[in-house]
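A.B. asks:
2 protein chains.
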Amino acid sequence: MKGFSPLDPLLHSQLRLAVMSLLISLESAEFTFIKEKTGATAGNLSVQIDKLSTAGYIEVIKSFKGKKPLTTCKVTKAGITAFETYVQALKNYIE
Amino acid sequence: MKGFSPLDPLLHSQLRLAVMSLLISLESAEFTFIKEKTGATAGNLSVQIDKLSTAGYIEVIKSFKGKKPLTTCKVTKAGITAFETYVQALKNYIE
DNA sequence: GTATTTGGTTTATAATATAAACTAGTTTAT
DNA sequence: ATAAACTAGTTTATATTATAAACCAAATAC
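This is the structure in structure tokens:
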């Protein structure tokens, strides 16, 4: 019978999962790009990126593109591992 | 690029997803059985079953086993469809 | 009889997600 | 040069969700 191992609550969120999914396939991405691709509001995205960053799942790099502030996100080793673990756990639920 | 179609919030919950997963493979199951398999507390399970039932994803049948109350859950057609849709959407995030 | 267990439900609290309001600075138009 | 509108976010407040604690009624065990 199935195991139903716990699902990392940090990843079990539509927006955070989408962000991680994007970052894993792209290595790194800009805030505005992620915002577009996910359709999230800036506020929500800012909060969720902060959570992923605090958890050490992503790295947030603040710089400037010309004179405008630029926030770039990059997935970390820990983030990739967590994502893979989450996906494996999920499979117990959906297969 | 990936689509990130929305994930049915009713199914995007660890416990409710586990309940649906169980019911889909077993057709129907008793409250106590689901409680054991999922490791949920009775209170939490009661609430989540109620939500799935209100949504029409499961049918809840109340009867008696001898003299004790017996709650049996059965997945509905709508529930199966919703689950399948959820799984397809999820694949955009995790593949 | 009374204490405990079974099979739950209801209600309260904690956690999360989301949106609205705000900050700081830039570009554009007048 | 200054006001209006835009970019790129952050902070804070609110709504929603998840979870747990407290409760209830009946049955069984002592």
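So the protein lines, in turn, are chains A and B. Numbering-wise (the numbering used here), the first sequence opens with residue -4 and increments by one. Numbering-wise (the numbering used here), the second sequence opens with residue -4 and increments by one. Every residue, glycine too, gets a C-beta built ideally from N, C-alpha and C.
Does the CB of A/Y52 have a neighbour CB from chain B at under 8 Å?
C.D. replies: Not an interface residue.
A.B. asks: Return the CA-CA distance between B/L6 and A/K72, expressed in angstroms with no decimal places.
C.D. replies: Cα to Cα, the separation comes out at about 29 Å.
A.B. asks: Using a C-beta cutoff of 8 Å, does A/V70 count as contacting chain B?
C.D. replies: Not closer than 8 Å to any Cβ of chain B, the Cβ of A/V70 fails to qualify, so no.
A.B. asks: Taking Cβ to Cβ, would you say A/V14 is nearer than 8 Å to A/L47?
C.D. replies: It is a contact, given that the beta carbons lie within the stated cut-off.
A.B. asks: Restricting to runs no shorter than 4 residues, where is the alpha helix (DSSP H) found entirely within the stretch 37 to 77 of chain B?
C.D. replies: Fully enclosed alpha helix (DSSP H) runs of 4 or longer: 37 to 49.
A.B. asks: Near A/T35, which residues of its chain fall below 6 Å by C-beta distance, leaving aside the five closest residues on each side in sequence?
C.D. replies: Note that residue 35 of chain A corresponds to Ala in the displayed sequence, not to Thr. Answer for A/A35: L10, listed in chain order.
A.B. asks: Which of helix, strand or coil does DSSP assign to A/S16?
C.D. replies: The answer is helix: DSSP assigns A/S16 an H, G or I state.
A.B. asks: Which one of A/K63, A/T80 and A/T67 has the shortest CA to CA distance from A/D3?
C.D. replies: Cα-wise, what sits closest to A/D3 is A/T80.
A.B. asks: With a Cβ-Cβ cutoff of 8 Å, do A/L17 and A/K32 count as a contact?
C.D. replies: Closer than 8 Å, so yes.
A.B. asks: Are there 16 or more other CB atoms within 10 angstroms of the CB of A/K53, so buried, or fewer, so exposed?
C.D. replies: The amino acid at residue 53 of chain A is misidentified as Lys; the sequence shows Ile. Per the 10 Å Cβ criterion, buried.
A.B. asks: Would you verify that the beta carbon of A/S16 is, or is not, closer than 8 Å to some beta carbon of chain B?
C.D. replies: It does; some Cβ of chain B falls within 8 Å.
A.B. asks: Do B/C68 and B/S8 come within 8 Å of each other at the CB atom, strictly closer than that value?
C.D. replies: No, Cβ-Cβ distance for B/S8 and B/C68 is not below 8 Å.
A.B. asks: Does the distance from the CB of B/V82 to the CB of A/I19 come in under 8 Å?
C.D. replies: No, these two residues do not count as a Cβ contact at 8 Å.
A.B. asks: Report the three-state DSSP secondary structure of A/E31 (helix, strand or coil).
C.D. replies: Looking at A/E31 - three-state DSSP - the assignment turns out to be helix.
A.B. asks: Could you give the C-beta distance for A/A77 and A/P1, rounded to a whole number, given that I count them as a contact under 8 Å?
C.D. replies: The pair is not a contact, with the Cβ atoms about 12 Å apart (cut-off 8 Å).
A.B. asks: Just the Cα atoms here: how many angstroms apart are A/T49 and B/K62?
C.D. replies: Going by the C-alpha atoms only, they are around 53 Å apart.
A.B. asks: Does DSSP put B/E22 in a helix, a strand or coil?
C.D. replies: Note: B/E22 maps to coil in three-state DSSP.
A.B. asks: In chain A, which residues lie with their C-beta within 9 Å of the C-beta of B/A95?
C.D. replies: Nothing can be reported for residue 95 of chain B: it is not among the residues displayed for chain B, which extend from -4 to 90.
A.B. asks: For A/K30, which residues in the same chain have their Cβ closer than 7 Å to its Cβ, ignoring the five residues on either side in sequence?
C.D. replies: Excluding sequence neighbours, A/K30 sits near A37 and L40.
A.B. asks: Alpha carbon to alpha carbon, what distance is there between B/L21 and B/K60?
C.D. replies: When rounded, the distance between both Cα atoms is 19 Å.
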